[in-house]
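Asks:
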Amino acid sequence: MSEPVASPEPAASHPDSTRTGPGRVLIAIYALFALSASARAGVQIATKFSDAPVAYLLSAFAAMVYVLATVTFAIGSPTARRIAVLSCSVELVGVLAVGTWSLADPASFPDATVWSGYGSGYGFVPLVLPVFGLLWLRRWTGRARTRRTIVPSAGDAGEAAADGHRRAGTDRMSG
Amino acid sequence: MSCVNGAVPTTIIVAGLVLAGYALLMTALNRRMSVILLAALGVLEILLLVEVGLIVAKLAGGERPAGLATLIGYLIAMPLVPVAAAFWGLMERSRWGPAVIAVAGLVAAVLMVRLHQIWPVIHV
Chain A
1 MSEPVASPEP
11 AASHPDSTRT
21 GPGRVLIAIY
31 ALFALSASAR
41 AGVQIATKFS
51 DAPVAYLLSA
61 FAAMVYVLAT
71 VTFAIGSPTA
81 RRIAVLSCSV
91 ELVGVLAVGT
101 WSLADPASFP
111 DATVWSGYGS
121 GYGFVPLVLP
131 VFGLLWLRRW
141 TGRARTRRTI
151 VPSAGDAGEA
161 AADGHRRAGT
171 DRMSG
Chain B
1001 MSCVNGAVPT
1011 TIIVAGLVLA
1021 GYALLMTALN
1031 RRMSVILLAA
1041 LGVLEILLLV
1051 EVGLIVAKLA
1061 GGERPAGLAT
1071 LIGYLIAMPL
1081 VPVAAAFWGL
1091 MERSRWGPAV
1101 IAVAGLVAAV
1111 LMVRLHQIWP
1121 VIHV
């Protein structure tokens, strides 16, 4: 691994994909939620489903949405991006709807779901995550393939384009 | 025993938060992954393995938490966090590599709080 050098233009090995750059962080967080929500819902449904069936089924649904988002972000093809937009939208609507429902009618939720109280049990990450996911996906609609759209710090357009090719080549060799 | 129990999770929380802060600083400074970050992840990994060992020792002593399945899940998942973050962060050739490490640091800290909620005998 090279030393921590300042990189004026962070070159990625797959610059045309939702899995690079900020997407790398999004996928890490989505994978974490996919894993923990699936495991938690699995344990709840297997051991005490009758305690709070609505809450546990919603938890399982949320887990599936997180898994779908993780996989589609990681694939990053145009089709995957479309599915990702859908799953992030469902996620946002879900956290808003279930959040409101859990506050308006606490009796329906004897046990918490991931989306209860707008995700307050998880530091409101479930509320913020789909927003960042949709913002990240928006950068890929229409103007995909332009590396500079994900690198605001790149300088002069013409120079950056010429430099970009050279740097990308150097990077492939060193990495 | 409870003294040892409390010291390790507290160290993990502090180490995780310090690592997250440093990694986010590297992201802000537009730096890539570094040996320092990997070494810090290694330290975090060792601390997590020590904590897993302490909890396994407690389980072997015959004590059981209410949510045993969840606890075992945590024992398996906990040591994987720094390893997964290292691989995923190294694949990224930009400032967002360190940001992935920051997530791992925060997750390690949160896991300690969750462990205490799952089994209150694990002090923080």
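Note that the protein sequences, when read in sequence, are chains A and B. Per my numbering, the first sequence starts with residue 1, numbered consecutively. Per my numbering, the second sequence starts with residue 1001, numbered consecutively. Every residue, glycine too, gets a C-beta built ideally from N, C-alpha and C.
In the structure shown, what three-state DSSP assignment does residue 49 of chain A receive?
Replies: Of the three classes helix, strand and coil, the one that applies to residue 49 of chain A here is helix, per DSSP.
Asks: By the DSSP assignment, the alpha helix (DSSP H) with residue 1102 of chain B in it spans what residues?
Replies: Its alpha helix (DSSP H) spans residues 1096-1118.
Asks: Are there 16 or more other CB atoms within 10 angstroms of the CB of residue 141 of chain A, so buried, or fewer, so exposed?
Replies: Exposed, since its Cβ has fewer than 16 Cβ neighbours within 10 Å.
Asks: I'd like the span of the alpha helix (DSSP H) that includes residue 106 of chain A, first residue to last.
Replies: Segment: none, residue 106 of chain A is in no alpha helix (DSSP H) and carries neither H nor E.
Asks: Could you tell me the boundaries of the alpha helix (DSSP H) in which residue 1088 of chain B lies?
Replies: From DSSP, the alpha helix (DSSP H) with residue 1088 of chain B extends over 1080-1090.
Asks: Please check the pair residue 1023 of chain B and residue 1086 of chain B, which I expect to be a contact at CB under 8 Å, by giving their CB distance rounded to whole angstroms.
Replies: Rounded, the Cβ-Cβ distance is 12 Å, inconsistent with contact.
Asks: Express the C-alpha separation of residue 68 of chain A and residue 131 of chain A in angstroms, rounding to a whole number.
Replies: Taking the straight line from one Cα to the other gives about 16 Å.
Asks: Between residue 1100 of chain B and chain A, is the shortest Cβ-Cβ distance under 8 Å, so that the two count as touching?
Replies: Output row for residue 1100 of chain B: interface = yes.
Asks: Consider the Cβ of residue 1096 of chain B: report whether some Cβ of chain A lies at a distance smaller than 8 Å.
Replies: Judged by the 8 Å Cβ criterion, residue 1096 of chain B is in contact with chain A.
Asks: Give me the residue from B:1101, B:1042, B:1046, B:1075 with the minimum Cα distance to residue 1057 of chain B.
Replies: With distances taken between Cα atoms, residue 1057 of chain B lies closest to B:1075.
Asks: According to DSSP, is residue 180 of chain A helix, strand or coil?
Replies: With chain A covering 1 to 175 only, the question about residue 180 of chain A has no answer from this structure.
Asks: If you draw a straight line from the C-alpha of residue 1091 of chain B to the C-alpha of residue 34 of chain A, how long is it?
Replies: Each residue's alpha carbon lies about 21 Å from the other.
Asks: For residue 1003 of chain B, would you say it is in contact with chain A, using Cβ-to-Cβ distances shorter than 8 Å as the test?
Replies: Its pLDDT being 45, under 50, residue 1003 of chain B is placed unreliably in this model, and the coordinates cannot settle the point.
Asks: Starting from residue 125 of chain A and walking both ways along the alpha helix (DSSP H), at which residues does that stretch end?
Replies: Note, residue 125 of chain A: alpha helix (DSSP H), 125-138.
Asks: By Cβ distance below 6 Å, which residues in the same chain neighbour residue 1102 of chain B in space, the five residues on each side in sequence not counted?
Replies: The residues are 1020, 1023, 1024.
Asks: Quick check: what's the CA-CA separation for residue 17 of chain A versus residue 72 of chain A?
Replies: When rounded, the distance between both Cα atoms is 11 Å.
Asks: So, is the C-beta of residue 81 of chain A closer than 8 Å to a C-beta in chain B?
Replies: It does not: the Cβ of residue 81 of chain A has no partner Cβ on chain B nearer than 8 Å.
Asks: Please classify residue 1016 of chain B: does DSSP put it in a helix, a strand, or coil?
Replies: Note: residue 1016 of chain B maps to helix in three-state DSSP.
Asks: Quick check on residue 78 of chain A: buried or exposed, where buried means 16 or more other Cβ atoms within 10 Å of its Cβ?
Replies: Burial call: exposed.
Asks: Along chain B, in chain order, which residues have C-beta atoms closer than 8 Å to that of residue 139 of chain A?
Replies: Near residue 139 of chain A there are no residues of chain B at all, since even the closest Cβ is about 14 Å away, more than 8 Å.
Asks: Applying a beta-carbon distance threshold of less than 7 Å, which residues of chain A neighbour residue 943 of chain B?
Replies: What the structure shows of chain B is the stretch from 1001 to 1124, and residue 943 of chain B is not part of that stretch, so it cannot be assessed.
Asks: Find the residues of chain B that neighbour residue 29 of chain A, judging by a C-beta separation of less than 7 Å, and give them in chain order.
Replies: Those within 7 Å of residue 29 of chain A in chain B are 1103.
Asks: Can you tell me which of the three DSSP states residue 1051 of chain B falls into?
Replies: It is helical.
Asks: Please report how far the alpha carbon of residue 1104 of chain B lies from the alpha carbon of residue 1047 of chain B, in whole angstroms.
Replies: Straight-line Cα distance between these residues: approximately 14 Å.
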